[in-house]
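In the UniProt record's numbering, the protein residues as written are 1 to 582.
Quick reminder that beta carbons are idealized off the backbone N, C-alpha and C, glycines included.
What follows is one structure encoded as structure tokens, with my remarks underneath.
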């Protein structure tokens, strides 16, 4: 719609010589051009959509405190378009009556642009983009716009607006990423062979699919054909039937996102309209192609009404529809505390989890309690409790959930722009400050002598081939600094740390994650090993020991060019009977 303008605004100074007649002449061409754009779209071959009223462009002109509103339309005579610009309203905004009239006029134009003009343009474009008219998607009501639902007054009555409620930092888009930091003093160690990262930084990311009564049809109409939509609906219902919890309302989902990424969504649930939510949660740790640590919270959630609509769309047999579905109730405090548990983990714990790509399920489970009796011990079955457990099985419902969510996310993501569809929730935050380096760590603590090798950890990371990878993905080595002391690190310290790994003849490994596969053919989560001898590299890393060591040598030499006459220039390392000049 931005390519089809609908409003022209012209302003002149009160003391100037130009009047409204001059403004009408000056804006005649842009108004005609805007009308032609709409007219040409309407007349494009294959566009079968009917636009009530035809092309329309608004024109607002003001000179000082005097305002005028015009409406421009097209009339066809003998198959040729004729352009008419009609003067609709004028007034001086010094008086409250005419100022209020202008506000109402502008408010009407806004409602028209959002509720009528934008959907009409989108319908026409989507009709032209499909081979058959029947495949064209319609644009449904946006559930986040209350004026479209006729519920503005009840919503306003239920909320007392305070100044603190207006927070300009609130956004539905993802927060800053690592590359948004203007000062990265570790980037100077980056070469073609490897780079250095501060191990304290980790991105807390949320990827979620939240299906409601208002957006379920929008979601289903986005598929190529009814069969694809039905298969998708079946997969969502199957995932929720295998494992999910019941939440009291979508306010719980908002609080979870606020806790995980700091993205506070405005409350949209109207008083008396709260609906039960069924949700399945999964938390995954991994390292992305740019060597950034990620902990991702993924979930599928569906309101009770949306689930019924999905059931109706998949044409289940009546016996299946009557099957029991009674997921355990999950108190809000329990799920929030579980999320908080992950955020409180240490840098070392999270780092090891990202190396092996650990995955967790957050679910309710029955935990019998054994109580002593006078004669014998008895077991009682209290209500289900929230538990955090490893989610290792390839056939786990969490694997299917993650595949569904990421499939929809990739479907609507365009380049680097995050999707903003009403059924997707996407946000992120980079965490660093306040994270303990290890369990029980305090700010004055230092590594034990036996653990000083963990000051820096060298990782070789494979990357499954994929097009359009992130810049920085070509490096196969990354040195993570885990002691929090990166301010005064220099080339000498980095080089000696790399040399230390050469002498130890060991290296850490991971498989960087660039996308979530729909099948388990490239299954790399929950790996069993991450620290191995370089002699085992051919088996586990698909690279020879000599080639791996050569990459490390080249990295050292790249950071210490001959012009600096570095000590590494003449250093010779003797290892296992062979001389290798650095």
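> Any idea if residue 26 is buried or exposed, counting beta-carbon neighbours within 10 angstroms, 16 or more meaning buried?
Replying inline: Position 26 of the chain shown, counted from the start, is the residue given in the question as residue 26. The residue in question, residue 26, is exposed, as its Cβ has fewer than 16 Cβ neighbours within 10 Å.
> Roughly how far, in whole angstroms, is the beta-carbon of residue 425 from the beta-carbon of residue 206, given that I think they are within contact range, below 8 Å?
Replying inline: Sequence index remark: in the chain shown, residue 425 carries index 425 (1-based). Sequence index remark: in the chain shown, residue 206 carries index 206 (1-based). So it is a contact: roughly 6 Å between Cβ atoms.
> Can you give the beta carbon distance from residue 502 to residue 429, rounded, assuming they're within the 8 Å contact cut?
Replying inline: Numbered from its first residue, the chain shown carries residue 502 at position 502. Numbered from its first residue, the chain shown carries residue 429 at position 429. Not really, about 37 Å apart at Cβ, beyond 8 Å.
> Between residue 253 and the ligand COA, is the CB less than 7 Å from at least one heavy atom?
Replying inline: Because no ligand of any kind appears in the structure shown, any question about the ligand COA cannot be addressed here.
>> Under DSSP, the alpha helix (DSSP H) around residue 412 begins and ends at which residues?
In response: Residue 412 sits at position 412 when you count from the first residue of the chain shown. Here the alpha helix (DSSP H) through residue 412 covers 397-412.
>> For a test of the three-state rule: what should DSSP assign to residue 190, helix, strand or coil?
In response: Locating residue 190 in the chain shown gives position 190, counting from the first residue. DSSP places residue 190 in coil when its eight states are reduced to three.
> Can you tell me whether residue 533 is buried or exposed, with buried defined as 16 or more other CB within 10 angstroms of its CB?
Replying inline: Locating residue 533 in the chain shown gives position 533, counting from the first residue. The residue in question, residue 533, is exposed, as its Cβ has fewer than 16 Cβ neighbours within 10 Å.
> residue 119 by DSSP, collapsed to three states: which one?
Replying inline: Within the chain shown, numbered from 1, the residue matching residue 119 stands at position 119. Reduced to three states, the DSSP call for residue 119 is helix.
> Counting only runs that start and end within the segment 216-271, where is the beta strand (DSSP E) found for 3 or more residues in a row?
Replying inline: Those beta strand (DSSP E) runs which fall completely within the segment 216-271 and span 3+ residues are 245-247.
> When the distance is taken between beta carbons, is residue 307 closer than 8 Å to residue 359?
Replying inline: Against the chain shown, residue 359 aligns to sequence position 359. Against the chain shown, residue 307 aligns to sequence position 307. Not closer than 8 Å, so no.
>> Pull the bridge partners of residue 279 from the DSSP assignment, please.
In response: On the chain shown, residue 279 is found 279 positions in, with the first residue counted as 1. BP columns for residue 279 point to 245 and 301.
> In this structure, what does DSSP give as the bridge partners for residue 583?
Replying inline: Past the boundaries of the shown model lies residue 583; the chain is included only from 1 to 582, so the question cannot be answered.
>> Excluding the 5 residues flanking residue 179 on each side, which residues of the same chain have their C-beta closer than 6 Å to its C-beta?
In response: Indexing the chain shown from 1 puts residue 179 at position 179. The pLDDT assigned to residue 179 is 45, lower than 50, so where the model puts this residue is not dependable; a value taken from the coordinates is nonetheless given after this. Taken in chain order, the list of residues that qualify is empty.
>> Given this structure, state the Cα-to-Cα distance separating residue 78 from residue 274, to the nearest angstrom.
In response: Indexing the chain shown from 1 puts residue 78 at position 78. Indexing the chain shown from 1 puts residue 274 at position 274. Taking the straight line from one Cα to the other gives about 56 Å.
>> On the DSSP bridge list, what partners appear for residue 432?
In response: Translated into positions along the chain shown, residue 432 becomes position 432. According to DSSP, residue 432 bridges with nothing at all.
>> With a threshold of 6 Å on Cβ separation, who are the neighbours of residue 265 within its own chain once the five nearest residues in sequence on each side are excluded?
In response: Numbered from 1 along the chain shown, position 265 holds the residue referred to as residue 265. If we look at residue 265 and ignore the five residues flanking it on each side, its Cβ neighbours are 254.
> What residues match up with residue 533 in a beta bridge as DSSP calls it?
Replying inline: One-based indexing of the chain shown puts residue 533 at position 533. According to DSSP, residue 533 bridges with 506.
> Can the beta-carbon of residue 70 be found closer than 8 Å to that of residue 88?
Replying inline: Your numbering for residue 70 matches position 70 in the chain shown. Your numbering for residue 88 matches position 88 in the chain shown. Yes, these two residues count as a Cβ contact at 8 Å.
>> What does the Cβ neighbour count give for residue 583, buried or exposed, with the cut at 16 atoms within 10 Å?
In response: Any answer about residue 583 is impossible in this case: the structure gives the chain only from 1 up to 582.
> From what residue to what residue does the beta strand (DSSP E) around residue 82 run?
Replying inline: In the chain shown, the residue the question calls residue 82 occupies position 82. Looking at the DSSP string, the run of the beta strand (DSSP E) that includes residue 82 is 80-92.
> How many angstroms separate the CA atom of residue 562 from the CA atom of residue 287?
Replying inline: Taking the first residue of the chain shown as position 1, residue 562 is located at position 562. Taking the first residue of the chain shown as position 1, residue 287 is located at position 287. When rounded, the distance between both Cα atoms is 34 Å.
> If you draw a straight line from the alpha carbon of residue 556 to that of residue 489, how long is it in whole angstroms?
Replying inline: Your numbering for residue 556 matches position 556 in the chain shown. Your numbering for residue 489 matches position 489 in the chain shown. Our two residues, residue 556 and residue 489, have alpha carbons roughly 15 Å apart in a direct line.
> If you run the structure through DSSP and keep just helix, strand and coil, what is residue 199?
Replying inline: Here residue 199 is taken as the residue at index 199 of the chain shown, counted from 1. In this structure, residue 199 counts as coil in the three-state DSSP scheme.
> Whose CA, out of 238, 336 and 101, lies closest to the CA of residue 300?
Replying inline: Here residue 300 refers to the residue found at position 300 of the chain shown. Of the candidates 238, 336 and 101, the one whose C-alpha sits nearest the C-alpha of residue 300 is 238.
> Just reading off the alpha helix (DSSP H) that residue 556 is part of, what are its end residues?
Replying inline: The residue you call residue 556 lines up with position 556 of the chain shown. Run containing residue 556: 545-559, per the alpha helix (DSSP H) assignment.
> Between the C-alpha atoms of residue 20 and residue 95, what's the straight-line distance to the nearest angstrom?
Replying inline: Position 20 of the chain shown holds residue 20. Position 95 of the chain shown holds residue 95. Approximately 20 Å, taken between the alpha carbons.
> Helix, strand or coil for residue 97 per DSSP?
Replying inline: Residue 97 sits at position 97 when you count from the first residue of the chain shown. Of the three classes helix, strand and coil, the one that applies to residue 97 here is helix, per DSSP.
> Under a Cβ-count criterion, where at least 16 other Cβ atoms within 10 Å of its own Cβ denotes burial, should residue 9 be classed as buried or exposed?
Replying inline: Counted from its first residue, the chain shown places residue 9 at position 9. Flag for residue 9 reads exposed.
> What is the C-beta distance between residue 593 and residue 6, in whole angstroms, given that I count them as a contact (C-beta under 8 Å)?
Replying inline: Nothing can be reported for residue 593, as the shown portion of the chain is limited to 1 through 582.
> Going by the CB atoms, is the gap between residue 551 and residue 476 shorter than 8 Å?
Replying inline: Within the chain shown, numbered from 1, the residue matching residue 476 stands at position 476. Within the chain shown, numbered from 1, the residue matching residue 551 stands at position 551. In contact: residue 476 and residue 551 (Cβ atoms closer than 8 Å).
>> Can you tell me which residues form a DSSP beta bridge with residue 77?
In response: The residue labelled residue 77 in the question sits at position 77 within the chain shown. According to DSSP, residue 77 bridges with 80.
>> By alpha-carbon positions, which one of 478, 333 and 72 ends up nearest to residue 82?
In response: Position 82 of the chain shown, counting from 1, holds the residue named residue 82. Ranking 478, 333 and 72 by Cα distance to residue 82 puts 72 first.
>> For residue 113 and residue 235, which I take to be in contact (beta-carbon distance under 8 Å), what is that distance rounded to the nearest angstrom?
In response: By 1-based counting over the chain shown, the position of residue 113 is 113. By 1-based counting over the chain shown, the position of residue 235 is 235. No, residue 113 and residue 235 are not in contact; Cβ-Cβ is about 37 Å, not under 8 Å.
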